[in-house]
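K.L.:
Numbering (full-length UniProt numbering), first residue to last: 1 to 332.
Note that CB positions come from ideal geometry on N, CA and C, so glycine has one too.
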């Protein structure tokens with residue numbers, strides 16, 4: 001079978017190689033799936049660059065979420081087999097690194113395999129898991145967003161941001177989306193943003209204050225860091241909550257805790273992956289909620305590109321470079 005593999009760290013386009021390798025065999029707690037679609041995530045590039053918190057041994061295959069068809073289950077896994085693990089069924093799951101999703105077949109953990117929502121096609125289902133789970137936990141578990149509040153989303157046209165926009169609207173919030181460029185501004189409007197701010201042309205702080213009557217944003221969702229965070233603290237509302245999701249800008253800000261004290265706002269960290277081990281029941285409940293939202297049409301991953309397996313390395317590089325909108329999905 002064909003699979004993208006990384007033998008050394010570096011830029012994705014330079015270190016990812018499409019190779020022929022033997023089909024993997026599922027071990028205990030693992031499921032062999034035929035990959036129907038694998039969504040590209042920012043962490044895929046960080047894995048290639050050796051900058052992710054998880055560092056799988058070489059050679060490894062990137063691709064941290066997918067939609068696949070169950071082929072077989074590992075020995076000992078049959079005892080826990082449920083509807084999601086029946087051969088031939090369609091699941092969304094997280095691959096068992098070092099064997100990731102950018103391959104024709106791969107291994108996923110049985111614990112992460114869940115029934116793919118019927119309302120979504122393969123590419124959309126592949127993109128529902130990490131980004132939307134992150135958004136749901138960030139907005140509901142961490143920020144406790146309420147109907148009628150104002151939500152500010154940085155990088156609103158990107159993969160992580162677009163999920164937060166849809167989830168914010170589904171929660172009854174008024175959403176302000178910050179983007180970079182006219183094309184991304186149009187995408188943000190199509191996603192449902194009530195107000196769109198182009199950081200290349202507009203003063204973010206002034207625009208948010210104008211849109212909120214001087215109050216500021218109640219919840220700020222920040223997967224960017226750097227200058228985005230610096231702007232956030234200047235336009236967060238009284239008792240506002242800033243959810244720190246990631247640092248796509250490459251710059252990790254240093255919060256001024258005296259400022260948080262004086263303006264009376266909260267800084268909330270979100271590491272969604274921890275819920276898989278600390279509170280797996282909450283992850284399952286979130287999946288059920290997301291499936292229901294998808295069935296109602298309240299959320300639908302924005303798939304901007306569906307590319308063949310051969311374009312995998314370029315896809316990962318372009319997502320890392322920040323030149324894509326919505327989600328890019330590899331379909332072997």
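Please classify residue 154: does DSSP put it in a helix, a strand, or coil?
P.N.:
strand
K.L.:
With 16 other CB atoms within 10 Å as the buried threshold, where does residue 164 fall?
P.N.:
buried
K.L.:
What did DSSP end up calling residue 21 once you bin it into helix, strand or coil?
P.N.:
If DSSP states are grouped into helix, strand and coil, residue 21 belongs with coil.
K.L.:
Checking 8 Å against the spacing of the C-beta atoms, do residue 72 and residue 26 come in under that value?
P.N.:
For residue 72 and residue 26, yes; Cβs fall inside 8 Å.
K.L.:
Which ranges does the beta strand (DSSP E) cover as unbroken runs of at least 3 residues, wholly within the segment 221 to 255, from first to last along the chain?
P.N.:
236 to 244
K.L.:
Are residue 95 and residue 88 close, meaning C-beta to C-beta below 8 Å?
P.N.:
no
K.L.:
Leaving out the 5 sequence neighbours to the left and right, which residues in its chain are closer than 7 Å to residue 231 when beta-carbon positions are compared?
P.N.:
204, 205
K.L.:
In terms of residues, what are the limits of the alpha helix (DSSP H) holding residue 168?
P.N.:
159 to 170
K.L.:
Once the 5 residues before and after residue 299 are set aside, which same chain residues still bring their CB inside 7 Å of it?
P.N.:
132, 166, 167, 170, 290, 293
K.L.:
Per the contact definition of three or more C-beta pairs closer than 8 Å, is the segment 127 to 145 in contact with the segment 47 to 54?
P.N.:
no
K.L.:
In this structure, does DSSP put residue 187 in helix, strand or coil?
P.N.:
helix
K.L.:
Would you decide whether residue 41 is buried or exposed? Buried here means 16 or more other CB atoms lie within 10 Å of its CB.
P.N.:
buried
K.L.:
Over the uninterrupted alpha helix (DSSP H) stretch that includes residue 263, give me the two end residues.
P.N.:
Going by DSSP, residue 263 is part of the alpha helix (DSSP H) stretching over 257 to 263.
K.L.:
Beta-carbon within less than 8 Å of residue 60's beta-carbon, same chain only, minus the 5 sequence neighbours each way: which residues are those?
P.N.:
Closer than 8 Å at Cβ, skipping near neighbours: 5, 6, 47, 97, 98, 99, 100.
K.L.:
Using the DSSP secondary-structure output, state which residues sit across from residue 274 in a beta bridge.
P.N.:
In the DSSP output, where bridge partners are listed per residue, residue 274 has none listed.
K.L.:
List the endpoints of the continuous alpha helix (DSSP H) containing residue 68.
P.N.:
Unbroken run through residue 68 is the beta strand (DSSP E), 66 to 73; no alpha helix (DSSP H).
K.L.:
Nearest by alpha-carbon distance to residue 175: which of 151, 316, 66, 91 is it?
P.N.:
151
K.L.:
Taking its Cβ as the centre, do 16 or more other Cβ atoms sit within 10 Å of residue 155, making it buried, or is it exposed?
P.N.:
Residue 155 is buried by the Cβ-count criterion.
K.L.:
Less than 8 Å separating the beta-carbons of residue 332 and residue 309?
P.N.:
yes
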